[in-house]
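Here the protein sequences come in this chain order: C and E.
The working numbering numbers the first residue of the first sequence as 114 and each following residue consecutively.
The working numbering numbers the first residue of the second sequence as 114 and each following residue consecutively.
Number of protein chains: 2
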Amino acid sequence: MDRHPLTGREVHLVRYPRGEVRESDFRVVGVDIDDPGPGQVLVRNTWTSVDAAHRLRLREKAPPGYFAAFPLGRAMDGIATVGEVVASRADGFEAGDTVRHAAGWRDYALIEAGRPALGGIGTLMRVDTDAAAPEAYLGALGGSGLTAYVGLFDVAGLREGDVVWVSAAAGSVGSLVAQMAKLRGHRVIGSAGSDDKVSYLRNELGLDAAFNHRAGPVAELLRAAAPDGIDVYFDNVGGDHLEAAIGALRRGGRVALCGAISEYGASRPAPGPRNLFLAVANDLTLRGFRGSSHVDRAGEMTREIGAWMRDGRIRCRQTVVDGLEHAPDALARLLRGDTTGKTVVRIA
Amino acid sequence: MDRHPLTGREVHLVRYPRGEVRESDFRVVGVDIDDPGPGQVLVRNTWTSVDAAHRLRLREKAPPGYFAAFPLGRAMDGIATVGEVVASRADGFEAGDTVRHAAGWRDYALIEAGRPALGGIGTLMRVDTDAAAPEAYLGALGGSGLTAYVGLFDVAGLREGDVVWVSAAAGSVGSLVAQMAKLRGHRVIGSAGSDDKVSYLRNELGLDAAFNHRAGPVAELLRAAAPDGIDVYFDNVGGDHLEAAIGALRRGGRVALCGAISEYGASRPAPGPRNLFLAVANDLTLRGFRGSSHVDRAGEMTREIGAWMRDGRIRCRQTVVDGLEHAPDALARLLRGDTTGKTVVRIA
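Now the structure itself:
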């Protein structure tokens, strides 16, 4: 407690962006940091997360059932973050512990131990920095890993012989899905939004085929990459990607609906796929999910993905942005498609 | 074989209708009927089926993966039909047997025994007329029954406490789904396209709530009927109905995508639901299916629905149209919403 009284910084949302997210929609605010009360833990944050899904909460109303919208003029609650415990008045946590919680985009956070956050995945917990770097607990061993793991194995129900298409395959979740499907011996097609990313998918992740979705109509690019069709589509994009997938899925095919980044900034709801009747014709299943609804699988996910990472069988590229004040710009870059792998902000 | 040489009648499609189906898109053609060859059975048809899904095959190309389009100027193959065996040169069938097959919209059919048709449900088989009227094998004990049964129990995965919405609930499939869900103790909401049908749903089928979808925006009518939301939606309609369901489904909700009658006559593909992201937010599953993909469940379905019918616990209203030549008009009426329950044509 020797460093008190402390002042900290928080990123506040100033206005709800329309269309593209801009740095000017946010500001950095200085705040006084209280000492922890009973049951509380004071954390100095070191890494915080930047996710496409944050865009959905930069609205007056988030989609019903989803995580709450970020409030204006207050700290943005519900963003996965890693830090070090400075002081603790909660059982099970002591100064020096590395922890994960959900009070991100600020440099100090006062957390109530045991209070559920982000559907469980953001509840304050210690993380093992011998097993992986702290920031891995925001990505491959955090929400991204859980989303990829349950999405591919449980939601899409990956089965022997499935041909798998992953969109946004150079992203945090997509790159894990694609690699796990390869590890299980599947033919995997990845798509992304730049030639650099496509080359990363082919040459570094070893996918069987990859295409730049900006190079033409997605349905045609997919047909060229998977002329005999696909069995599983892991959807991070929505829109034309989802429609192309429905057109390419073989009988009994499955879609894991994980996200729809192509639609997040739209000012009005985008129409859904025009070919949904093919789900009837071909016995297709479309299943939406959030990783955080499957926190019961987090232990198994961490063990399995952790082992693959240590064996070098899964690679986790990161885009690291330095400085809390640049978190909004990092999000804007991610939404423009200018980042690869997991995007994290190094706070200090 | 004493009635040979025979002449028969077939309904042929003359042109692919645009928009509404008209009688003038068809004509009745006289044909000579051959004697059965080895392995063949000659059937005098007595009842044939009229289904909304036939509209999908009155196109130059049916949806990929679906049953084939009806050819122009030839008998329309692949329509469930019941009749009596006139002559048989196939093991297991003899004159006088009542059988079901898939060579409908004609008065005599020469069938190859054992040849798979309509995904199995249309393969030539004897039916038990002691257990039910012959035409029941086109409806509650045929394709409609199988579709309703697997759709509700397997595809939607009906669970205790589920609130169920069924669209086109006065139709052949919908009325079975609604009644089976009631029999299992669920709260069931039905919708249909006329006040008469709504009164049928409330007063004869005993549903908990019912609405006429023409009375206002479907999402609002559904909200009034199910203010706390729904868990299962059995979709026969698509379009605004599906979008309303997605907006009303609670966490973990499920949609059985069975049909999309609102879209069948459209000249261009209708856009899908604009709120599909709610599937991600609320862990929803949309699963398309065809009853005929689940023929392995036909035995159990027939036993269970047959027992409910005999006990008077399931009612099966029919719309009976007399005369083979009126089958096209019966289909046009069904597509306009002018029929209730299973629509069948009595041939003789």
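We treat Cβ as the ideally placed atom computed from N, Cα and C, and that holds for glycine.
From a predicted model like this one, the values you see are computed outputs, not experimental measurements.
| Item | Value |
| --- | --- |
| Contact list for residue 148 of chain C against chain E, beta-carbon separation under 9 Å | Within chain E, no residue comes near residue 148 of chain C; the closest Cβ sits about 37 Å away, beyond 9 Å. |
| 8 Å Cβ cutoff met for residue 173 of chain E and residue 221 of chain E | no |
| Chain-ordered chain C contacts of residue 383 of chain E [CB-CB under 7 Å] | 387 |
| Length at least 4, wholly inside the region 240 to 306 of chain C: the alpha helix (DSSP H) runs in chain order | 256 to 262, 285 to 296 |
| Residues near residue 335 of chain E in its chain [Cβ-Cβ closer than 6 Å; skip 5 each side] | 357, 361 |
| Cutoff 8 Å: residue 163 of chain E Cβ touching any chain C Cβ | no |
| Among C:218, C:168, C:178, C:261, the one whose alpha carbon lies nearest that of residue 435 of chain C | C:218 |
| 8 Å Cβ cutoff, residue 398 of chain E in contact with chain C | yes |
| Test: residue 114 of chain E CB closer than 8 Å to a CB of chain C | Confidence at residue 114 of chain E is low in this model, with a pLDDT of 48, below 50, so its placement is unreliable and the value that follows should be read with caution. It does not: the Cβ of residue 114 of chain E has no partner Cβ on chain C nearer than 8 Å. |
| Any C-beta of chain C under 8 Å from that of residue 179 of chain E | yes |
| Heavy atom of the ligand GTP within 7 Å of residue 289 of chain C beta-carbon | As for the ligand GTP, it is missing from this structure, which has no ligand bound. |
| Straight-line Cα distance separating residue 269 of chain C from residue 377 of chain C | 23 Å |
| The region 288 to 296 of chain C touching the region 120 to 128 of chain E, judged by at least three CB pairs closer than 8 Å | no |
| is_contact[residue 151 of chain E, chain C] using C-beta, thresh 8 Å | no |
| For residue 277 of chain C, the nearest candidate out of C:293, C:176, C:408, C:300 (CA to CA) | C:300 |
| Residues within the region 402 to 419 of chain C neighbouring chain D, beta-carbon criterion of under 7 Å | As a matter of chain content, chain D is missing from the structure shown, whose protein chains are C and E. |
| Nearest residue (CA-CA) to residue 422 of chain E, options E:249, E:448, E:307 | E:249 |
| Beta bridge counterpart(s) of residue 237 of chain E as assigned by DSSP | Answer is none; residue 237 of chain E lacks a bridge partner. |
| Distance between beta carbons of residue 195 of chain E and residue 247 of chain E, contact taken as under 8 Å | 5 Å |
| Of the residues C:364, C:402, C:387, the one placed nearest residue 178 of chain E, counting alpha carbons only | C:364 |
| Which residues DSSP lists as bridging residue 162 of chain C, in chain order | C:457 |
| Span of the alpha helix (DSSP H), counted from its first residue to its last, around residue 415 of chain C | 411 to 423 |
| First through last residue of the beta strand (DSSP E) which encompasses residue 146 of chain C | 139 to 146 |
| CA-to-CA distance, residue 238 of chain C to residue 449 of chain E, given in whole angstroms | 60 Å |
| Anticipated Cβ contact below 8 Å, residue 234 of chain C with residue 256 of chain C, distance rounded | 5 Å |
| CB of residue 264 of chain C within 8 Å of CB of residue 369 of chain C, strictly | yes |
| Spatially closest choice to residue 260 of chain E from E:366, E:168, E:349, by CA coordinates | E:349 |
| Proximity test, Cβ basis, 8 Å: residue 176 of chain C and chain E | yes |
| DSSP three-state assignment for residue 324 of chain C, whether helix, strand or coil | strand |
| Euclidean distance between Cα positions of residue 374 of chain E and residue 266 of chain C | 34 Å |
| Inter-stretch contact at 8 Å, needing at least 3 Cβ pairs: the region 208 to 218 of chain C / the region 183 to 194 of chain C | yes |
| Residue-level contact to chain E via CB, residue 88 of chain C, 8 Å cutoff | The question about residue 88 of chain C has no answer, for chain C in this structure spans 114 to 461. |
| Unbroken alpha helix (DSSP H) run spanning residue 443 of chain C, endpoints | 440 to 449 |
| Own chain partners of residue 322 of chain C with C-beta closer than 6 Å, once the 5 adjacent residues on each side are dropped | 302, 338 |
| Minimum Cβ-Cβ distance from residue 376 of chain C to chain E less than 8 Å | yes |
| Neighbour flag for residue 394 of chain E against chain C, beta carbons, 8 Å | yes |
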